[in-house]
Amino acid sequence: MSPAPATTVQLQEVVPVVLLYATGVAKRDGRAMFANDLYRRDGKLIQAMMAN
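Per the working numbering: the sequence shown = residues -4 to 47.
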């Protein structure tokens, strides 16, 4: 997939933005669903959690 060219837009009001990258989520029925870590972020997150 090729990225689209960047576009800058000036907004009149501040708009909150939330980015979520999750490879594991809880489904509505209570079961866990896991996906492949396509962006390879899980390793760094696990290291950070184990350090504390």
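Yeah, the Cβ is synthetic: ideal placement off N, Cα and C, and Gly gets one too.
Residue interval of the alpha helix (DSSP H) (run including residue i)
i: G19; result: Here G19 belongs to no alpha helix (DSSP H); instead the beta strand (DSSP E) covers G19 to A21.
DSSP beta-bridge partners of residue i
i: M44; result: Looking at the DSSP assignment, M44 forms no beta bridge with any residue, so it has no partner.
i: A27; result: A21
Simplified DSSP assignment, three categories, for residue i
i: D37; result: helix
Distance CB(residue i)-CB(residue j) smaller than 9 angstroms
i: G38; j: D32; result: yes
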